[in-house]
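Peer 1: I have a structure I would like to understand better, so I am pasting it below and will then ask my questions one at a time.
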Amino acid sequence: MISKGLRSSAAVAAWLAAGTALANQYNLQPPQSIIAREIYDLHSLIMWIIVGIFVVVFGFMTYAIVMHRKSIGHEASQFHEHVGVEIAWTIIPFIILVLMALPATKTIISMKDTSSPDITIKATGYQWKWGYDYLQEGISFYSTLSTPREQIENQAPKGENYLVEVDNPVVVPVGKKVRVIITANDVIHAWWVPALGIKQDAIPGFVRDTWFKADNPGIYRGQCAELCGKDHGFMPIVVEAVSPEQYASWVAEQKKKMAAAAPDPGKQWTLDELKVQGEKIYAGNCVACHQPTGMGVPGTFPALSGSKIVTGPKDAQVAVVLNGVVKDGKPTPMAAFGKQLSDVEIAAVITYTRNNWANKAGDMVTPAEVKAARK
Amino acid sequence: MEAAHAHHGHGDHAHHPYGIMRWITTTNHKDIGTLYLVFSLTMFFIGGLLAMGIRLELLEPGMQFWRPEFFNQLTSMHGLIMVFGAIMPAFVGFANWQVPMMIGAPDMAFARMNNWSFWLLPVGATLLVASFFVPGGATAAGWTIYAPLSTQMGPGMDLAIFALHIMGASSIMGSINIITTILNMRAPGMTLMKMPLFVWTWLITAYLLIAVMPVLAGAVTMLLTDRHFGTNFFNAAGGGDPVLFQHVFWFFGHPEVYIMILPGFGIVSQVVPTFSRKPLFGYSSMVYATASIAILSFIVWAHHMFTVGMPAVAQLFFMYATMLIAVPTGVKVFNWIATMWKGSLTFETPMLFACGFIFVFSMGGFTGLVLAITPVDIQLQDTYYVVAHFHYVLVAGSLFALFAGVYFWIPKWTGHMYDELLGKWHFWLSMIFFNITFFPMHFTGLAGLPRRVPDYNMQFADFNFISSIGSFGFGLSQLILVYVVVKCIRGAGEKVSDKVWEGAHGLEWTLPSPPPYHTFETPPVVK
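Here the protein sequences line up with chains U and A, keeping their order.
Quick note, the first sequence lines up with residues 972 to 1346 if you use my numbering.
Quick note, the second sequence lines up with residues 12 to 538 if you use my numbering.
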């Protein structure tokens, strides 16, 4: 008896789980903030109104199609206006619209209220990754797609979070009001986390803001929502909501990490050390355009393998990586990495490109040289 | 066309060159209408091919066929070609054929300009298609070519800008022609409020075109100078504003949406009464509703931009204005259904497409209402929900209305009845495959799939697979249309009477089928 009861409740639980999984596929994601909840409810309300109108309007149409056919001998009447009906079907929709607009107005006003936040995070869109700065805590990092290329190119099975996983997620405390200041570095992107109910375009040269307060601990995933070039589909957003205590320890850890990451100016790097380091930087920042083969994409992104700049004098290449490429006064997709990468990272990635593929320069660029070139 | 022409060429003073020169030099509204329709059908298939390229990549998760940058070229060019190459010219083709015959005019007002406005189109289209073959390929900034992404593009972008200039000039000339014809060349007794609704909707559409095509030209010219001549309209570093581009673009773009649907409303308003054997219900309210939609279309543009971060007051204004459009649009749908009510209905292919139009267009209208609600739109903007929404109004709306118009008038144009059985197959296959393709996109959009991405999480795999299969079916079904049309033009199919349809009313049905090369040289009198 007991086992039977257990089995059936397990079956019910499985069915419920399947039901929610299905709901996630057919509807907005389960809301995790007050704004997301209001949006969810607004959408449900309007869906029901629409279903009601649909049934009435197409009920009439279907009735006419079935009952008023010539083939069953229906004769046409010749009426062609009716003032009362026409006024009614102008006024009634108007009243329904007013009823829909009222709750929406309330939500718009609360969405816009970014005052008195507990934490302020600046999110910057880059082609194609996100940069985050915790303004009070002084933490800064970049967040790039962590799905391996083999999965994208169908050489490895795809993971559960395929294309919606990053190396460094945004960590926030549960129940605190987080203001997100959003901007971009190159073109327009959009910072979107569906479960938290926020989407805001990131506009280069302008700053916009929005806010959220996560209800529950969890990992919330979103993607860039504004076409921003080639890898628009490959710059996800991951927000991890944790308890305030966990958040405090995460902040402390990040600060320690940042202090440790500050380069030891005395360190003497060898070519091999730089190459190993550089390969990682290349995979995170360069590979999307210049390709793993270093061959680029003909006509769009130049090859590095055999390139005149990469095989030529070091300072020219350092300048390109630091300052980007500007053509006719306009920035090109070759961004300025000077602000994004440290001296060590730039030295490493340049050393890597000079000594990989067909390039056999055999020399290395040291962090000190990069530092000097910055001035 | 040649066969049909040879047939009716006797005794109607058709002095014109033969062969290719007939089409290049023609100033005849019927010839030019045919050219527009053939051109738009060609572009429809090119645009459709690009769409299938998109769906091929999206068939399964992972990158299989294209590189992401080429995928973006496909989505961008699919949009540009369908909007500027297929839908808009098709409606102008209908206007050319039908407006003079429906108002009792001998031809369009500016016959030579009419020739010129058509022949600009193949030039623009060639630039668009050729842009795939320049270094860097076609523009990949979306059909909305938002700056500053579009300033990054290669020479393909410049070709697209020139194409938009040229096609815009063509549209403006076409509109001037249509307005002048309608206002000055109506037969005696045909007052404005006696005009067929198709003529009314085109009159209003032509005003919209004249108002907004120059705005688009301005936007793309600013883009061009930003790209090449050192201006900074859309570059914040130089004192410009990227959002300015969106405001200017959508000030064009929203009326453009109605430019692509209002003549469709007109066609449906001709077809539904004919096959209901009953006059159109609420004629004057139809006219006022069309005018209201046109006027409102100028004050709703920023609903495409709810996520740029406008002040709350602006969001509220654009939300209320957008919701208001539901009222006149609803009036139209109610009027069509009231026209069918207590009629004596038959369901030949034009009526099937018109009913299909009412059904699917209303679905697009419903999702439009959902998207009008700013907070919900912020969640759904730039997702597949929006893709579903605008394909419901544009494919199932504009395109189905165009199909209804083709089946409705092609017996008149060619003198031969189309193949009814194949027409019905075309309707049902289009209807079913259309919904298989686009209905699941509502779900993926709600669940969080952004648009314009070449790859997606496994969670969206099933629906994308279904959509892709549906799109291949939809694309292939359109070959039926080509077969039916070619068959009609070649004179297969039984000969039709002047009136063609039992319930037909209007001047074009008083003419022989096919109509002689020149018609209404002496204006008819409308009582």
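Backbone N, C-alpha and C fix where the C-beta goes; we use that ideal spot for every residue, glycine too.
1) For chain A, find out if any of its Cβ atoms is closer than 8 angstroms to the Cβ of U:P1128; answer yes or no.
2) Taking the C-alpha atoms as reference points, what is the distance between A:P166 and U:Q1311?
3) On the DSSP letters alone, give me the boundaries of the beta strand (DSSP E) that A:D430 sits inside.
4) Taking the continuous alpha helix (DSSP H) assigned at A:R123, which residues delimit it?
5) DSSP state of A:I389, grouped into three classes?
6) From the DSSP output, which residues share a beta bridge with A:P361?
7) Determine which residues of the segment 193 to 218 of chain A have a Cβ less than 8 angstroms from any Cβ of chain U, and write them out in chain order.
8) May I have the straight-line CA-CA distance separating U:E1340 from U:K1285, to the nearest angstrom?
9) Compile a chain-ordered list of the residues in the segment 385 to 396 of chain A whose CB is closer than 9 angstroms to at least one CB of chain U.
10) Please decide whether A:K353 counts as near chain U, where near means a Cβ-Cβ distance under 8 angstroms.
11) Helix, strand or coil for A:G22? Go by DSSP, reduced to three states.
12) By Cβ distance, which residues of its chain are closer than 7 angstroms to A:A247, with the 5 residues on each side in sequence left out?
13) Mind reading off the beta-carbon distance from A:I172 to A:T301? Whole number of angstroms is fine, and I expect it under 8 angstroms.
14) Can you name, in chain order, every residue of its own chain whose Cβ lies under 7 angstroms from the Cβ of A:G251, other than the five neighbours on each side?
15) Show which residues of chain A have a CB atom less than 8 angstroms away from the CB atom of U:I1066.
16) Of the choices A:A106, A:V298, A:T455, whose alpha-carbon is the least far from that of A:Y47?
17) Taking A:S303 as the reference, which of A:M321, A:Q281, A:I278, A:M334 has the closest Cα?
18) Taking Cβ-Cβ distances below 7 angstroms as the criterion, which residues of the segment 1138 to 1154 of chain U are in contact with chain A?
19) Is A:E519 close to chain U, meaning its C-beta is less than 8 angstroms from at least one C-beta of that chain?
20) Measure from the C-beta of A:K289 to each C-beta in chain U and report whether the shortest distance is under 8 angstroms.
21) Let me make sure I understand the geometry here. Which of A:G367, A:P207, A:A349, A:S181 has the alpha-carbon closest to that of U:F1050?
22) Short of 8 angstroms in beta carbon distance, which residues of its chain neighbour U:A992, apart from the five on each side in sequence? Order them along the chain.
23) Quick one: grab the DSSP three-state call for A:W520.
24) Tell me which residues share the same chain as U:T1115 and place their Cβ nearer than 7 angstroms to its Cβ, disregarding the 5 neighbours each side in the sequence.
25) What is the DSSP secondary structure of A:M233, counted as helix, strand or coil?
26) Give, in chain order, every residue of the segment 366 to 383 of chain A whose Cβ lies closer than 9 angstroms to some Cβ of chain U.
27) Any beta carbon of chain A sitting closer than 8 angstroms to that of U:A1306?
28) For U:L1134, does the three-state DSSP call read helix, strand or coil?
29) Taking Cβ-Cβ distances shorter than 8 angstroms, what residues in chain U pair up with A:L160?
30) May I ask you to report which of helix, strand or coil DSSP gives A:R462?
31) Have a look at A:G64 and A:S479 and give me their C-alpha separation to the nearest angstrom.
32) Does DSSP put U:M1099 in a helix, in a strand, or in coil?
33) Using a Cβ-Cβ cut-off of 8 angstroms, state whether A:F401 counts as contacting chain B.
34) Determine the direct distance from the alpha carbon of A:Y395 to that of A:L382, and round the result to whole angstroms.
35) Give the straight-line distance between the Cα atoms of A:G20 and A:A515, rounded to the nearest whole angstrom.
36) What does the Cβ neighbour count give for A:L432, buried or exposed, with the cut at 16 atoms within 10 Å?
Peer 2: In terms of the structure at hand:
1) no
2) 29 angstroms
3) Here A:D430 belongs to no beta strand (DSSP E), and DSSP marks it neither H nor E.
4) 122 to 141
5) helix
6) For A:P361, which the question treats as bridged, DSSP gives no partner whatsoever.
7) none
8) 9 angstroms
9) T385, P386, V387, I389, Q390, L391, Q392, D393, T394
10) yes
11) Its pLDDT being 45, under 50, A:G22 is placed unreliably in this model, and the coordinates cannot settle the point.
12) P253
13) So it is not a contact: roughly 32 angstroms between Cβ atoms.
14) N243, F244, F245
15) In chain order: nothing, as chain A lies at least about 10 angstroms away.
16) A:A106
17) A:M334
18) none
19) no
20) yes
21) A:A349
22) Its pLDDT being 48, under 50, U:A992 is placed unreliably by the model, and the measurement read from it follows with that caveat. Counting only Cβ-Cβ distances below 8 angstroms, and skipping sequence neighbours, we find nothing.
23) helix
24) K1100, V1137, D1138, G1255
25) helix
26) C366, I369, F370, S373, M374, F377, T378, L380, V381, A383
27) no
28) coil
29) V1158, I1159, L1198, C1199, G1200
30) coil
31) 10 angstroms
32) Reading off the sequence, residue 1099 of chain U comes out as Trp, not Met. Here U:W1099 sits in coil by DSSP.
33) Checking the listed chains, one finds no chain B in this structure; the protein chains it contains are U and A.
34) 12 angstroms
35) Residue placement at A:G20 is poorly supported in this model, since its pLDDT is 43, which falls under 50; the coordinates still yield a value, given next. Those two C-alpha atoms are separated by around 26 angstroms.
36) exposed
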